[in-house]
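The structure appears below as structure tokens.
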Amino acid sequence: MSRGSGLLWGVIGVCLWAAAVGFKPVIIVHGLFDSSGDFLTLSRFINESHPGTNVSVIDLFDRSSSLQPMWKQVEGFKAAIYPIMQNAEDGVNFICYSQGGLICRGILATLPDHNVHTFISLSSPQAGQYGDTDYLKYLFPQFMKSNLFHLCYTSVGQRISICNYWNDPHHRDMYVNSSDYLALLNSERENPKSAEWKTNFLKIKKLVLVGGPDDGVITPWQSSQFGFYDDNETVVEIQHQEVFLRDSFGLKTLGARGDLVICSMAGVQHVWWHSNETVYQTCIDKWLQ
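Throughout the sequence shown, residue numbering follows my numbering, covering 153 to 441 in sequence.
Here it is, written out as structure tokens:
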């Protein structure tokens, strides 16, 4: 057999193997100020390790449009993603980066017939955001973290995506009463749909929380794994958070099922999580079955 024909048969073999294995489609949702074009490297990683995988990077709310209200984005992404789910008999996997991780939670909570198998939350402020980052200085040059609540916890502020998950530990009552998005998702404010949303969310088979101490944007970085500040700005880890202890939306249940995975990596800055091969191999690859 010639080298060329051997290579051809090798390629055919890989394709037949991929078809037989039938990897679940992967849906990628981007973060603040990103666009679908930022995820070409991640798509390549997936197709190299899981040949034949259908990877969809949803091209919506790009760049400055990512500042639109979170519920508006949830509805837009949901409409784009639902047909992909319907065509995936064995379900799909989510990789949702930064702000996109919170958008994906909104989709999972409000879509009763979703078929998401694994939800990979990639450096996402799942417990909220509270920090003087470059993003904050760019968006709100006249504000610091200590006074942004004056804007965010108003009806005008709640029209800006980052304010929908701004969580000021020194003004918890204002956050709970004003947050139209995260406080509802977390059932921190009374929500008549909380039981239904919890049931929907718990249809996932695995939740993978990826983050690390050198992120530089998600503040505190432990928010990517549902840790957050108390009123002294001391980080309280996930297992001691009220939303976990009360099982407000299913975290404790996932943990009891063995379906809550925490993957921490040092040395990764926020903008590199989706294009770092070590992150992919360590925290993502094995969950995309």
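C-beta atoms are modelled at their ideal positions from N, C-alpha and C, and glycine is treated no differently.
- With respect to Q281, W318 sits close: the two C-beta atoms are nearer than 8 angstroms.
- Residue ranges of uninterrupted alpha helix (DSSP H) with 4 or more members, entirely inside the stretch 317-347 and ordered along the chain, are 324-330, 334-337.
- The criterion of a C-beta distance shorter than 8 angstroms is satisfied by P177 and N206.
- In the same chain as G243, and ignoring 5 residues on each side of it, the C-beta atoms closer than 7 angstroms to its own belong to K176, N267, V268, H269, in chain order.
- The alpha carbon of K289 has as its nearest neighbour, out of T405, V423, V369, L194, the alpha carbon of V369.
- In this structure, M326 sits near F301, with a CB-CB distance shorter than 8 angstroms.
- One alpha carbon belongs to W223, the other to L334, and they sit about 10 angstroms apart.
- When G364, L359, T434, G379 are compared, the shortest CA-CA separation from Q421 is found for G364.
- The three-state secondary structure of S276, taken from DSSP, is coil.
- With a beta-carbon spacing of about 7 angstroms, S188 and I210 fall inside the 8 angstroms limit used to define contacts.
- Runs of the beta strand (DSSP E) spanning 3 or more residues and lying entirely within the stretch 186-248 occur at 207-209, in chain order.
- Excluding the 5 residues flanking it on each side, V413 has same chain C-beta neighbours closer than 8 angstroms at K358, L359, V360, L361, W439, in chain order.
- By the criterion of a C-beta distance shorter than 7 angstroms, G253 is surrounded in its chain by S273, L274, S276, Q278, once the five residues flanking it on both sides are discounted.
- DSSP, read as helix, strand or coil, puts H269 in strand.
- In the DSSP assignment, Q281 is bridged to W318.
- The closest CA to that of G174, considering only E241, E340, Y234, is found on E241.
- Ranking Q433, N384, P372, A408 by CA distance to the CA of Q391 puts A408 first.
- When the five nearest sequence neighbours on each side are left out, the beta carbons in the same chain lying within less than 6 angstroms of the beta carbon of C304 are those of C315, W318, in order along the chain.
- The DSSP-derived three-state label of Y305 is coil.
- Closest in C-alpha terms to G228, from the list L212, I236, S217, M237, comes L212.
- Boundaries of the beta strand (DSSP E) harbouring C415: 412-416, taken from the DSSP string.
- Our two residues, D367 and S250, have alpha carbons roughly 11 angstroms apart in a direct line.
- Counting along the chain, the unbroken beta strand (DSSP E) around K358 starts and ends at 358-363.
- In this structure, the beta-carbon distance from F401 to N338 falls below 8 angstroms.
- Straight across, the Cα-Cα distance linking D284 with P344 is about 34 angstroms.
- D437 and F191 have their C-alpha atoms some 15 angstroms from each other.
- Boundaries of the beta strand (DSSP E) harbouring I180: 178-181, taken from the DSSP string.
- Taking the CA atoms as reference points, S195 sits about 28 angstroms from G410.
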